[in-house]
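Numbering-wise (full-length UniProt numbering), the sequence shown opens with residue 1 and increments by one. Remarks on the structure that follows.
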Amino acid sequence: MLSVCSPVSGIATELAEVPDPVFARGLVGPGIAVTPGSEPHDVVAPIDGAVVKLHAHAFVVADDQGRGVLVHLGIDTVRLDGAGFEILLDGAGERQRVRAGTPMVRWNPADVVARGHSAAVPVVALDAAEGAVTQAATGEVTRGEQLFLWA
């Protein structure tokens, strides 16, 4: 079992509630979405592992067994070309080892909403089988606490 921690504080909901059909239908994989508060804050790594991808609006961390967890900050935020996001990770970026709770990106969800995008944060077990996500949190979650287990 892999414990996946919440990268942000906010309200945890099912991916089906995300206003993006790719995430909502679980096409990328199963997971949970977190709608954060509107204040600027740091987004943290959800698991221990290596950074596979690092963009201002999204990143993937994979554990030693190759299980990748995607954290996507907002919906359609790739269109913002990095505006409103700051990568915090020092060093090599991709392939760098991180621990759960390592600050990865700073962002302002209110900025994202003001630009016409949802601030929902899908946290996805990439390419996992349906039913692989268990013990999913619902309601209020705090950054760093368990969001779900990946069986």
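Glycine included, each C-beta is placed from N, C-alpha and C at the ideal position.
Query                                                                                                 : Result
Cα-Cα separation, Ala-100 to Gly-29                                                                   : 20 Å
Delimiting residues of the alpha helix (DSSP H) encompassing Ala-24                                   : 21-24
Segment contact, 8 Å Cβ cut-off, at least three pairs: the segment 76-91 with the segment 131-140     : no
Pick from Gln-96, Val-51, Arg-106, Arg-67 that is closest to Trp-150, judged by C-alpha positions     : Arg-67
First through last residue of the beta strand (DSSP E) which encompasses Pro-109                      : Where Pro-109 is concerned, there is no enclosing beta strand (DSSP E), although the alpha helix (DSSP H) it sits in stretches over 109-114.
Delimiting residues of the beta strand (DSSP E) encompassing Gln-146                                  : 146-150
Anticipated Cβ contact below 8 Å, Val-22 with Pro-46, distance rounded                                : With a Cβ gap of about 19 Å, Val-22 and Pro-46 do not count as contacting.
Assumed close pair Val-4, Val-121 - CB separation to whole angstroms, cut-off 8 Å                     : Going by Cβ atoms, the distance from Val-4 to Val-121 rounds to 13 Å, so no, they are not a contact pair.
Neighbourhood of Thr-134 by C-beta, 6 Å cutoff - its chain only, sequence neighbours within 5 removed : Leu-149, Ala-151
N- and C-terminal bounds of the beta strand (DSSP E) containing Ile-32                                : 31-36
Inter-residue spacing [alpha-carbon to alpha-carbon] between Val-44 and Glu-17                        : 23 Å
Own chain, CB closer than 6 Å to Val-124, minus 5 neighbours either side, in chain order              : Val-28, Gly-29, Gly-31, Leu-70
For Gly-74 and Ala-50, the rounded distance between their alpha carbons                               : 22 Å
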